[in-house]
Amino acid sequence: MIDAALWSSCPPTKQLYHHDPYATTGTATVLQVSDRYAIFDQSVFYAESGGQVADQGTVNGQRVIDVQKAGGRPFQLPNGEVATIEAVFYHEFEEPCALTVGEQVSMEIDWERRLHHMQMHTLAHFLFHATGEYLQSQGLTRSTRGCHISDSSARFDFSCAIPTDAVPGIQERIVELLADSPEARVDPLPGTQDVFVWRSGDLEIPCGGTHVRHPKEIQGTVTVRRRTKGKGGTRLYIELDRNAA
Ligand SMILES: [Zn+2]
């Protein structure tokens with residue numbers, strides 16, 4: 001976490017990936033610089049949030065290794081969860097950055113890493129949905145304690161026991177969703193700059209993350225695994241083996 005003095009006077013960072021999650025480059029103006037951290041008016045980088053890890057890449061050829069959010073305000077989503085909106089993004093560089101306040105910069109993200117996150121984020125929604133269907137069939141309510149989305153795996157922590165023999169059915173349902181789901185749509189939630197609703201067929205999830213447009217962009221073998229997590233909870237993992245495509 002950086003010193004609040006660095007970000008507290010900055011306006012919320014405009015998030016360029018919402019308009020085009022396939023954009024790999026962008027420009028921005030430097031608002032603040034301190035040692036290995038910099039803040040810009042806008043960013044093509046995804047800042048870690050909603051379980052999805054941050055993008056990496058370069059700004060003016062200098063290596064960005066992490067992007068985190070600071071400040072912002074809580075916003076209640078239609079599903080009852082609370083998201084932080086209007087945050088300031090601070091970009092962490094590998095080395096002290098050679099940038100000047102007011103300077104125009106060129107940004108480029110590591111595209112393969114981002115695309116993998118977009119694939120796993122979409123799969124995480126299918127895991128969430130398929131598990132919800134299973135729990136509903138058992139007369140249980142779906143409640144989650146958190147999630148994490150990275151390069152080739154994603155996981156959800158559910159607040160209830162999910163037995164091992166339920167896992168093959170959940171995996172099968174995800175494979176079915178992957179084969180049958182139409183192109184996804186992402187629309188802004190009225191009253192916010194950075195909360196959106198992801199829709200694919202009948203699935204609808206409020207989300208500010210990045211997703212692939214079409215499930216066909218996810219090629220490989222999907223595996224679901226489980227383990228007991230905390231008191232009465234279950235962690236479900238979804239993994240994508242892209243080499244098996
Ligand atoms: Zn999402």
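Per the numbering used here, residue 1 is the first one in the sequence shown, and the count goes up by one each step. We put the CB at the ideal spot given by N, CA and C, even for glycine.
Sub-8 Å separation of residue i and residue j beta-carbons
i, j, result
"Arg235", "Arg155", "yes"
"Met107", "Thr27", "yes"
"Ala87", "Ala70", "yes"
"Ser200", "Ser181", "yes"
"Ile2", "Ala124", "no"
"Gly169", "Asp157", "no"
"Gly209", "Asp194", "no"
"Gln68", "Glu48", "yes"
"Pro96", "Pro206", "no"
"Phe93", "Ile85", "no"
"Ala83", "Tyr134", "no"
"Asp110", "Gly61", "no"
"Glu183", "Arg213", "yes"
"Met118", "His211", "yes"
"Val222", "Leu203", "no"
"Gly233", "Ile149", "no"
"His121", "Asp151", "no"
"Tyr90", "Trp7", "yes"
Residue burial classification, residue i (beta-carbon count within 10 angstroms, cutoff 16)
i, result
"Arg242", "exposed"
"Ala98", "exposed"
"Arg227", "exposed"
"Ile65", "exposed"
"Ala130", "buried"
"Ala161", "exposed"
"Arg114", "buried"
"Val101", "exposed"
"Pro21", "buried"
"Pro215", "buried"
"Ala38", "buried"
"Gly191", "exposed"
"Cys164", "According to the sequence shown, residue 164 is Thr rather than Cys. So Thr164 ends up on the exposed side."
"Thr25", "exposed"
>> For the pair the stretch 34-45 and the stretch 4-18, tell me if three or more CB-CB distances fall below 8 Å.
In response: yes
> Between the stretch 137-144 and the stretch 175-191, are three or more C-beta pairs nearer than 8 Å?
Replying inline: no
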